[in-house]
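Numbering (the UniProt record's numbering), first residue to last: 1 to 258. Here the structure is laid out as structure tokens; the discussion comes afterwards.
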């Protein structure tokens with residue numbers, strides 16, 4: 001039975017995700033930015049909440065964990081190494097662990113950089129291909145600001161995600177698409193796939209629709225942070241022949257002050 005995925009816009013620009021295992025009917029929530037829209041999404045479908053999977057400790061991803069735990073008795077899953085900064089965990093996980101939701105299995109990847117202890121959840125088979133819930137690591141047309149880790153750490157995390165199959169759908173934690181698109185154009189103003197994607201994002205924003213998911217193939221073609229490996233991007237930055245990680249670091253520094 002397929003995994004049903006519902007994108008729930010929260011706050012001003014966050015995304016949370018409801019996952020329903022088709023075989024068992026069990027439901028998990030990836031991140032909990034705001035109680036009201038999550039409750040509305042659950043009630044509209046007549047769903048209960050069995051689990052909450054946390055990607056990292058920032059308040060705009062965990063604010064609604066406790067009220068939802070109290071309401072549903074949902075089991076909270078998060079990175080054991082960061083347990084001191086997360087809401088109380090019922091299940092502590094780390095790199096290489098698997099989290100189960102009925103017959104659905106999600107692999108845990110440590111994607112530290114934005115924070116140390118940030119994780120992603122990868123479902124290799126949803127019934128419609130693989131999906132990755134990446135929060136503030138790999139994002140739509142971007143990546144998270146490196147607050148706690150290093151550029152090298154963040155690059156390693158992005159490479160880990162970039163090794164997933166090209167058809168993997170990327171469900172990230174925010175809609176920063178418009179700003180990320182402007183920055184991406186500052187590096188590759190003639191990238192036709194980038195221009196087309198920026199237009200699709202503008203249409204989605206105008207309709208109040210989510211800009212996620214995008215496939216990993218789309219991110220590889222348009223996301224400047226993943227494109228640090230491209231000779232044309234290196235040349236545009238005046239970094240011909242430079243190490244990929246160094247190019248990523250330069251792109252991240254430019255974005256920080258853009």
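The beta-carbon is built from N, C-alpha and C at its ideal position, and this holds for glycine as well. This structure is a prediction, so every number in the text was calculated from the model and none was measured.
Under the rule that 16 or more other beta-carbon atoms within 10 Å means buried, what is residue i, buried or exposed?
i: residue 1; result: exposed
i: residue 157; result: buried
i: residue 186; result: exposed
i: residue 219; result: buried
i: residue 44; result: exposed
i: residue 12; result: exposed
i: residue 213; result: buried
Taking Cβ positions, are residue i and residue j nearer each other than 8 Å?
i: residue 33; j: residue 66; result: no
i: residue 113; j: residue 77; result: no
i: residue 217; j: residue 211; result: no
i: residue 109; j: residue 95; result: yes
i: residue 118; j: residue 140; result: no
i: residue 225; j: residue 251; result: yes
i: residue 19; j: residue 42; result: no
i: residue 74; j: residue 54; result: no
i: residue 131; j: residue 120; result: no
i: residue 222; j: residue 191; result: yes
i: residue 194; j: residue 184; result: yes
Could you tell me which residues DSSP puts in a beta bridge with residue i?
i: residue 172; result: 135
i: residue 121; result: 108 and 133
i: residue 14; result: 10 and 174
i: residue 251; result: Bridge partners of residue 251: none, in fact.
i: residue 215; result: 169
i: residue 4; result: 20
Candidates the options: which alpha carbon is nearest residue i's?
i: residue 180; options: 258, 119 and 249; result: 258
i: residue 30; options: 64, 240 and 97; result: 64
i: residue 9; options: 38, 129 and 105; result: 38
i: residue 56; options: 254, 74, 246 and 137; result: 137
i: residue 27; options: 82, 4 and 15; result: 4
i: residue 21; options: 91, 59 and 99; result: 99
i: residue 60; options: 237, 49, 142 and 174; result: 174
i: residue 16; options: 213, 229 and 7; result: 7
i: residue 155; options: 247, 202, 80 and 235; result: 247
Taking 7 Å as the cut-off, is the CB of residue i close to at least one heavy atom of the ligand SAM?
i: residue 89; result: This structure does not include the ligand SAM; it has no bound ligands of any sort.
Is there a Cβ of chain D sitting closer than 8 Å to that of residue i, yes or no?
i: residue 143; result: In the structure shown, chain D does not exist; there is a single protein chain.
Which parts of the segment 20-58 are runs of the alpha helix (DSSP H), unbroken and 4 residues or longer, counting only runs that do not cross its ends?
-> 35-45
Of all the alpha helix (DSSP H) runs that stay within the bounds of the segment 63-106, which reach a length of 4 or more residues?
-> 65-72
Every unbroken alpha helix (DSSP H) inside the segment 134-163 [4 residues or more] | 151-162
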